[in-house]
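Inspection log for the structure reproduced underneath, given as structure tokens.
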């Protein structure tokens, strides 16, 4: 019987890890995939085994072969010390933050963080006695150093920034964090471990909304937190204390989607680059915020730190009415109007982030639209958007 991944001497490439990590057919009667284990009660053979917790699994909430297979695959991809699974991306963010913060602590958070993460800081964390200061994602390391207090415990990053797509100087921020012995928490949902090695770049806790690319099929809500050795014990302690767990069905579906992450992401990137490049030439577009484009202000930092780009980016349209923007978006055939992303289908979302930014230097003038480029034929997507711009111009000319 073939050996399980981890029994070999050589470190496999990431595509091999995607294909083989977390699987051990020899332990499952030769079946390629780890079975779906549904259950709460796990029986023990003896009283000593029961009371001594001597079995690999003792209770459904604490894990099963299905959830362990997913955790081991993610741990291999992230090069982390360990992974915990959460029922959503936001739950993963809250788990990471609450595991290392307590009353009286101070958090530094990028101003370009996912909006519900800000809501969490201004609600639950504030009520728990934790104060948050937001910083410009384009802030230099020296300027960030001046925001650190005696009570500061962690720095929270999301790169590129949510919606506004800024690329922070991660190396400079991590250097400051190490100088003051602060934990670095990073939301790596956009790049995934395939395009950015967050642990390798100095993050201690790495959050991902597995709902997005990890699952990849728009049918699961799940999140995960990967930890470096110095953050793992506290993360696992908090996770067990609050009773967090995920559905075994969701874990199994996520594991199934994860196996094709490499080929999906490469196609997403190819499609997105073609669409973003085309959009940058359109007279209706002021600018495209996508670090993979050479003209993007964050391109050099992205080139330095990342190995690829996912297919989520934003554009700033020329000044126009809400009616014109709605005419552009509502008639699109292949782009659904939706808040999520990461699945196989293209999506679009109008937004105005100025209302929930307090420290950012990037201040767009004009309607903003976030595009998620799926796996459709690029020619069909381009034709769809071109027809949308015809409606956009017609509605604006008729004002």
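Residue numbers (my numbering): 10 to 408. We put the CB at the ideal spot given by N, CA and C, even for glycine.
Is the separation between the beta-carbon of residue i and that of residue j shorter than 8 Å?
{"i": "residue 116", "j": "residue 130", "result": "yes"}
{"i": "residue 174", "j": "residue 365", "result": "no"}
{"i": "residue 233", "j": "residue 95", "result": "yes"}
{"i": "residue 77", "j": "residue 51", "result": "no"}
{"i": "residue 291", "j": "residue 398", "result": "yes"}
{"i": "residue 114", "j": "residue 139", "result": "yes"}
{"i": "residue 211", "j": "residue 24", "result": "no"}
{"i": "residue 149", "j": "residue 181", "result": "yes"}
{"i": "residue 178", "j": "residue 143", "result": "no"}
{"i": "residue 146", "j": "residue 369", "result": "yes"}
{"i": "residue 340", "j": "residue 400", "result": "yes"}
{"i": "residue 377", "j": "residue 294", "result": "no"}
{"i": "residue 257", "j": "residue 75", "result": "yes"}
{"i": "residue 252", "j": "residue 328", "result": "no"}
{"i": "residue 165", "j": "residue 319", "result": "no"}
If you reduce the DSSP assignment to three classes, tell me which class residue i lands in.
{"i": "residue 6", "result": "In this structure the chain extends from 10 to 408, so residue 6 is not present and cannot be described."}
{"i": "residue 295", "result": "strand"}
{"i": "residue 348", "result": "coil"}
{"i": "residue 53", "result": "coil"}
{"i": "residue 217", "result": "strand"}
{"i": "residue 335", "result": "helix"}
{"i": "residue 226", "result": "coil"}
{"i": "residue 87", "result": "helix"}
{"i": "residue 130", "result": "helix"}
{"i": "residue 9", "result": "Residue 9 is absent from the structure shown; the chain starts at 10 and stops at 408."}
{"i": "residue 168", "result": "coil"}
{"i": "residue 140", "result": "strand"}
{"i": "residue 383", "result": "coil"}
{"i": "residue 365", "result": "helix"}
Excluding the 5 residues preceding and the 5 following residue i in the sequence, name in chain order all residues of the same chain whose CB lies nearer than 7 Å to its CB.
{"i": "residue 239", "result": "213"}
{"i": "residue 37", "result": "43 and 44"}
{"i": "residue 176", "result": "168, 169, 300, 307, 310 and 311"}
{"i": "residue 200", "result": "315 and 319"}
{"i": "residue 202", "result": "86 and 87"}
Spatial neighbours of residue i within its chain, please: CB distance less than 8 Å, with the 5 preceding and 5 following residues excluded, ordered by chain position.
{"i": "residue 18", "result": "The predicted model places residue 18 with a pLDDT of 46, which falls under 50 and marks its position as unreliable; any figure quoted below should be read in that light. Around residue 18: no qualifying Cβ."}
{"i": "residue 237", "result": "89, 90, 208, 212, 213 and 214"}
{"i": "residue 229", "result": "219, 220, 259, 262, 263 and 266"}
{"i": "residue 28", "result": "268"}
Output the boundary residues of the beta strand (DSSP E) element that contains residue i.
{"i": "residue 185", "result": "Residue 185 -> not in any beta strand (DSSP E); alpha helix (DSSP H) instead, spanning 179-188."}
{"i": "residue 109", "result": "Note, residue 109: premise wrong, no beta strand (DSSP E); alpha helix (DSSP H) at 98-109."}
{"i": "residue 257", "result": "It is not in any beta strand (DSSP E) - residue 257 instead sits in the alpha helix (DSSP H) that spans 257-267."}
For the alpha helix (DSSP H) containing residue i, name the first residue and the last one.
{"i": "residue 210", "result": "No alpha helix (DSSP H) holds residue 210; DSSP gives it neither H nor E."}
{"i": "residue 45", "result": "It is not in any alpha helix (DSSP H) - residue 45 carries neither H nor E in the DSSP assignment."}
{"i": "residue 29", "result": "23-29"}
{"i": "residue 160", "result": "It is not in any alpha helix (DSSP H) - residue 160 carries neither H nor E in the DSSP assignment."}
{"i": "residue 241", "result": "238-250"}
{"i": "residue 202", "result": "201-204"}
{"i": "residue 71", "result": "Residue 71 -> no alpha helix (DSSP H), and no H or E assigned at all."}
Keeping to the same chain, check which residues put their C-beta closer than 6 Å to that of residue i; ignore five residues upstream and five downstream.
{"i": "residue 85", "result": "26 and 30"}
{"i": "residue 48", "result": "69"}
{"i": "residue 337", "result": "397, 400 and 401"}
{"i": "residue 404", "result": "332, 333 and 336"}
For residue i, decide whether its Cβ has a neighbour in chain B, counting only Cβ atoms nearer than 8 Å.
{"i": "residue 153", "result": "Among the chains in the structure shown there is no chain B, since it carries only a single protein chain."}
Taking contact to mean at least 3 C-beta pairs separated by less than 8 Å, is the region 375-392 in contact with the region 272-286? yes
Check whether the region 346-355 touches the region 104-114, counting contact only when three or more Cβ pairs, one atom from each stretch, lie closer than 8 Å. no
Would you check if there are 3 or more beta carbon pairs closer than 8 Å linking the region 57-75 to the region 180-191? no
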